[in-house]
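What follows is one structure encoded as structure tokens, with my remarks underneath.
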Amino acid sequence: MSQQLLIILGIGLLALGTYGIRFAGFHLGAKFNFSEKYQVLLSNGATVLLCAIAVTTTFFEGQNFAGFARIFGVALALFLVWKKVPLLLVICLAAASTAIIRLLGIE
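Here the numbering used here is used: position 30 in the sequence shown is 1071, and no number is missing along the way.
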């Protein structure tokens, strides 16, 4: 098999798996009644997982430190979100500030 075919097959399998998980979650969620305690626990668990991933990708790229430019960009984005700046502007300003800092030689 060629490399392109393997990539396309991988994308297709990931898409089917994602759809299957969403489909199963929708139908299983309708069949099971979780108590309020467990609904809050599942919601908090998902939030903690997403925050942990965000922190990890902010500080590390692979097994190496991501650099101060990325940390500055994320900090600027968090500040702008806190100030309720529109999302598109937040993304553009954070990316531009990170790029400018890297151009200045600060990794």
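Idealized CB from N, CA, C, for every residue including glycine.
1) Between residue 1112 and residue 1067, what straight-line distance do the alpha-carbon atoms span, to the nearest angstrom?
2) Anyone know if the C-beta pair for residue 1109 and residue 1147 falls short of 7 Å?
3) At which residues does the alpha helix (DSSP H) containing residue 1100 begin and terminate?
4) I'd like the span of the alpha helix (DSSP H) that includes residue 1062, first residue to last.
5) So residue 1118 packs on residue 1131, CB below 8 Å; how close in whole Å?
Inspection of the coordinates gives the following:
1) The residue you call residue 1112 lines up with position 71 of the sequence shown. The residue you call residue 1067 lines up with position 26 of the sequence shown. Whole-angstrom Cα-Cα distance: 37 Å.
2) Counting from one through the sequence shown, the residue named residue 1109 turns up at place 68. Counting from one through the sequence shown, the residue named residue 1147 turns up at place 106. For residue 1109 and residue 1147, yes; Cβs fall inside 7 Å.
3) Numbered from 1 along the sequence shown, position 59 holds the residue referred to as residue 1100. First-last of the alpha helix (DSSP H) with residue 1100: 1077 to 1100.
4) Working through the sequence shown from its first residue, we reach residue 1062 at position 21. Residue 1062 -> alpha helix (DSSP H) spans 1044 to 1072.
5) Translated into the one-based positions of the sequence shown, residue 1118 becomes position 77. Translated into the one-based positions of the sequence shown, residue 1131 becomes position 90. The pair is a contact, with the Cβ atoms about 5 Å apart (cut-off 8 Å).
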